[in-house]
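Single-structure report; data block below.
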Amino acid sequence: EIVMTQSPATLSVSPGESATLSCRASQSVSGNLAWYQQRPGQAPRLLIFRASTRATDIPARFSGSGSGTEFSLTISSLQSEDFAVYFCQEYNDWPRVTFGQGTRLEMK
Amino acid sequence: QLQLQESGPGLVKPSETLSLVCSVSGGSITKRSYYWAWIRQPPGKGLEWIGSTIPEGRSTYYNSSLESRVTTSVDTSKNEFSLKLASVTAADTAVYFCAAQYNWNYFLYWGQGILVTVSS
């Protein structure tokens, strides 16, 4: 079973600045990684798939990178609506999928 | 664009069976490349994949930690799919999401979620 570890658990950043969130896999997942944003009381929303491909209608300030076991999500010029919880998810271990435990991005 | 909506009881007694239905609109549940999934999130915690299935029972896969208690099915005539989780305990209290999974990969569309509390 692949374990996905996200860091930090909480990240405090001021609006307008950039934030970088990390996701590490316990074994290689190649490029089979997705990122989601979850605002309070809402369902997760797909941001990134295949490690670096933005989903439809996702702003360019969201970017993903990485492969193998190390991945990151960078959000530039943070806006108020970006403060939320972010999850990574691997889908290399078919048919099982595993989520990270999440990073809470909070306003400083 | 697909829309998904969960429905079912919000309160289930311990040892009973949790039953939820996800109604799909905006497209057919037989749409190629889409697989129908259930994911849950205990209050204040992370996401746990429960299982995924495609119509007509061609393939169904479950999280091994829940496999002995989970059954999912797809009703193409109603454009909906369902989840049954047997012998529930308080540990099964969570928001349950249905989702459309693209090619057994990432989850492209999500329902709004339904809170199910297990309590007597």
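Residue numbers (the working numbering), protein chains in the order written: chain H, 8 to 115; chain Z, 2 to 121.
Ideal placement from N, C-alpha and C gives every residue a C-beta, glycine not left out.
Chain Z contact for residue i (CB, 9 Å cutoff)
| i | result |
| --- | --- |
| H:V104 | yes |
| H:A41 | yes |
| H:Q49 | yes |
| H:Q96 | yes |
| H:F56 | yes |
| H:L53 | yes |
| H:G109 | yes |
| H:A32 | no |
Short Cβ contact (9 Å threshold) for residue i with residue j
| i | j | result |
| --- | --- | --- |
| Z:V75 | Z:T54 | yes |
| Z:N104 | Z:Y36 | yes |
| Z:Y107 | Z:E7 | no |
| H:L18 | H:E77 | no |
| Z:T90 | Z:F82 | no |
| Z:A87 | Z:A38 | no |
| H:G38 | H:R68 | no |
Contacts of residue i in chain H (Cβ-Cβ under 7 Å)
| i | result |
| --- | --- |
| Z:G9 | Here the premise fails: no neighbours, minimum Cβ distance about 16 Å. |
| Z:G114 | A50 |
Beta-carbon separation (whole angstroms), residue i vs residue j, contact threshold 8 Å
| i | j | result |
| --- | --- | --- |
| H:F94 | Z:L5 | Not confirmed; about 18 Å, so no contact. |
| H:G23 | H:S84 | 6 Å |
| Z:T77 | Z:T118 | With a Cβ gap of about 31 Å, Z:T77 and Z:T118 do not count as contacting. |
| H:S29 | H:Q13 | 7 Å |
| H:A41 | H:I55 | 6 Å |
Contact with chain H by residue i, beta-carbon distance below 9 Å
| i | result |
| --- | --- |
| Z:S65 | yes |
| Z:W39 | no |
| Z:E49 | yes |
| Z:F98 | yes |
| Z:Y62 | yes |
| Z:S53 | yes |
| Z:K32 | no |
Partner residues on chain H for residue i, Cβ-Cβ distance less than 8 Å
| i | result |
| --- | --- |
| Z:L109 | L53, A62 |
Interface flag, residue i vs chain B, CB-CB below 9 Å
| i | result |
| --- | --- |
| Z:N106 | Judged by its chain identifiers, the structure shown contains no chain B, and its protein chains are H and Z. |
What are the start and end residues of each continuous beta strand (DSSP E) run of 3 or more residues lying completely inside the stretch 18-55 of chain H, in chain order? For secondary structure counted as the beta strand (DSSP E) over 3 or more consecutive residues, the stretch 18-55 of chain H holds these complete runs in sequence order: 26-32, 40-45.
Counting only runs that start and end within the stretch 15-99 of chain Z, where is the alpha helix (DSSP H) found for 4 or more residues in a row? Counting whole runs of 4 or more residues, the stretch 15-99 of chain Z contains no alpha helix (DSSP H) stretch at all.
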